[in-house]
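Inspection log for the structure reproduced underneath, given as structure tokens.
Protein chains: 2
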Amino acid sequence: MKQEAKSATGAPTTLWDRTRQLASQEILETALRLFTEQGYDETTIAQIAREAGVSQRTLFRYFGAKEDLLGGGQDRFGQVLMDTISEQPADAGVWEALRAGVAAVLALHDSREQALERFRLLHNTASLRAGWLEKRLRFQENLLPLIETRMDAATGNEGAKARAVIATAFACLDAASMTWVANDGKGEIMGLYDECMAAVRG
Amino acid sequence: MKQEAKSATGAPTTLWDRTRQLASQEILETALRLFTEQGYDETTIAQIAREAGVSQRTLFRYFGAKEDLLGGGQDRFGQVLMDTISEQPADAGVWEALRAGVAAVLALHDSREQALERFRLLHNTASLRAGWLEKRLRFQENLLPLIETRMDAATGNEGAKARAVIATAFACLDAASMTWVANDGKGEIMGLYDECMAAVRG
DNA sequence: GACAGTCTGGCAGCGACTGTCAAACGTGAT
DNA sequence: ATCACGTTTGACAGTCGCTGCCAGACTGTC
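Protein chains in written order, with my numbering: chain W, 1 to 202; chain Z, 203 to 404.
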């Protein structure tokens, strides 16, 4: 609970923080490597911990669950989504706002290859998909008030409608990314997203 | 691998089958009772097995996983969905076909109360939701060819578009059922579904 | 009644995950 | 340099979902 000097945005000051960051990175890279090498389900926590040079207990202290080892800090996705959408001009419709959010999240990946690898892992591993979907549900719930205020309150049941709209956006993102992976990363995801939207809202 | 006489649709002939059915029912009822009494995550397999009077091993032989104990045989949902949709007239649009499928699945519940209880459990338990979503993904995949043939092949990427359309239907069902649960079962789910659809495709 | 085919329970084991506790370590003050 | 303090770590044991294996009990057939 100490308030360490942080020199604005500079590197973390204390040795602890640096060590922490290093260990975290090491674990993450080891995990991603093993996942892509031998699959998610076939990789055990024990193996990751061993190869990363930490104990299982420590690994679980850094990342609360195995699926968090996919990296990228998916929690950041939710944050970026919310931030981007709330920054949209007030007169922007729900669909424009959601599109902007989706685009911002997609832009978060380091590289095309990394994004492709992650999506591939995600779409091909049942246990991962489940966890991811669950996390996404939380995002949707958080987005609810933001979207609700942008919808014209007409007949009541705004909750239901806003939920449906948000879930539809995610559905299109899903369809787009799945197709993108199936095409080995050819083309632009946002283009596919727009196509899906057109098909739905035709 | 024997072909036992089954007297058409009559009761199962052999004692084994009857015993099996009885045990299965006993387990199912015990599980559902405990789940609603003390929550899904707080109920252990050991407890269900003990109170149902079977061994854990046997329980897992009847139901392959804990989430299968929610009953109703959710696998049947997928079957009914596909059957209903493929039975729709060829000139029916994708949205009509999907709507018919959703309605058919909703009509599968024994009673309003049971449906409400199941939905409530589903929407309030993270671990359950994840499993359910994953199962639904499989339904969506199975539905893909059925829907694809009903769409006008225009610009390519039919896969993506069909996926998006299917996922949107499910999204609306989700929003509808969630709102329905929030309203303690007041109103009709299909009415909410239509409202959601209108909001999305407005 | 003997035989074959099923079903069951018990046990050991795996993997993800958590609580606990003593030991190792960075940190700031002396 | 040293000391006390709080943090971090690793090891251990334990829980829970789930599976493989095996011996024994049961059902149905001849």
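C-beta: ideal position from N, C-alpha, C; glycine also.
Measuring only the C-alpha atoms, how far is residue i from residue j?
i              : j              : result
G185 (chain W) : D174 (chain W) : 14 Å
D41 (chain W)  : T125 (chain W) : 8 Å
D194 (chain W) : A366 (chain Z) : 11 Å
T168 (chain W) : Q223 (chain Z) : 41 Å
G187 (chain W) : N359 (chain Z) : 11 Å
Q25 (chain W)  : L143 (chain W) : 30 Å
E350 (chain Z) : A364 (chain Z) : 6 Å
A400 (chain Z) : G39 (chain W)  : 42 Å
R50 (chain W)  : C172 (chain W) : 40 Å
V200 (chain W) : A23 (chain W)  : 45 Å
F372 (chain Z) : L308 (chain Z) : 12 Å
G159 (chain W) : A294 (chain Z) : 30 Å
D354 (chain Z) : D152 (chain W) : 32 Å
Using 10 angstroms around the beta-carbon of residue i, count the other beta-carbons present and answer buried if the total reaches 16, otherwise exposed.
i              : result
R314 (chain Z) : exposed
Q74 (chain W)  : buried
R220 (chain Z) : exposed
A31 (chain W)  : buried
L217 (chain Z) : exposed
R61 (chain W)  : exposed
T179 (chain W) : buried
A405 (chain Z) : Here chain Z covers residues 203 to 404 and nothing more, so residue 405 (chain Z) does not appear.
A292 (chain Z) : exposed
G280 (chain Z) : buried
R340 (chain Z) : exposed
R150 (chain W) : buried
G404 (chain Z) : exposed
For residue i, which residues from the same chain have a beta carbon less than 6 Å from its beta carbon, with the 5 sequence-adjacent residues on both sides left out?
i              : result
A104 (chain W) : V80, T84
S288 (chain Z) : L348
A378 (chain Z) : I391, L394, Y395, C398
Q290 (chain Z) : A299, A302
Y368 (chain Z) : Reading the sequence as shown, one finds Ile at residue 368 (chain Z) and not Tyr. Contacts found: Q342, L345, I349.
F265 (chain Z) : L271
Within a Cβ cutoff of 8 Å, which residues of the same chain sit near residue i, ignoring the five residues on either side of it in sequence?
i              : result
I250 (chain Z) : I229, T232, A233, L236, L261, L271
R278 (chain Z) : L310
T211 (chain Z) : With a pLDDT of 42 at T211 (chain Z), under the threshold of 50, the modelled position of that residue is not reliable, and no figure is offered here.
T36 (chain W)  : E117, L121
M203 (chain Z) : Low local confidence applies: a pLDDT of 36 at M203 (chain Z) is under 50, so the model's placement there is unreliable, and no value is given.
In chain order, what residues of the same chain have a beta carbon less than 7 Å from the beta carbon of residue i, not counting five sequence neighbours either side?
i              : result
A115 (chain W) : H109
A303 (chain Z) : The sequence shown places Gly at residue 303 (chain Z), rather than the Ala named in the question. The answer, listed in chain order, is L283, T286, I287.
K268 (chain Z) : I247
T43 (chain W)  : L34, F35
Say yes only if the C-beta of residue i is nearer than 6 Å to one or more non-hydrogen atoms of the ligand PLP, and no if none qualify.
i              : result
V105 (chain W) : Of ligands this structure carries none, so the ligand PLP is not represented either.
Sufficient close CB pairs (3 or more, under 8 Å) joining the stretch 272 to 289 of chain Z to the stretch 321 to 339 of chain Z
yes
Below 8 Å, how does it come out for the stretch 54 to 64 of chain W and the stretch 90 to 99 of chain W: are there three or more Cβ pairs, yes or no?
no
I want to know whether the stretch 128 to 147 of chain W touches the stretch 332 to 342 of chain Z - three or more CB-CB distances under 8 Å.
yes
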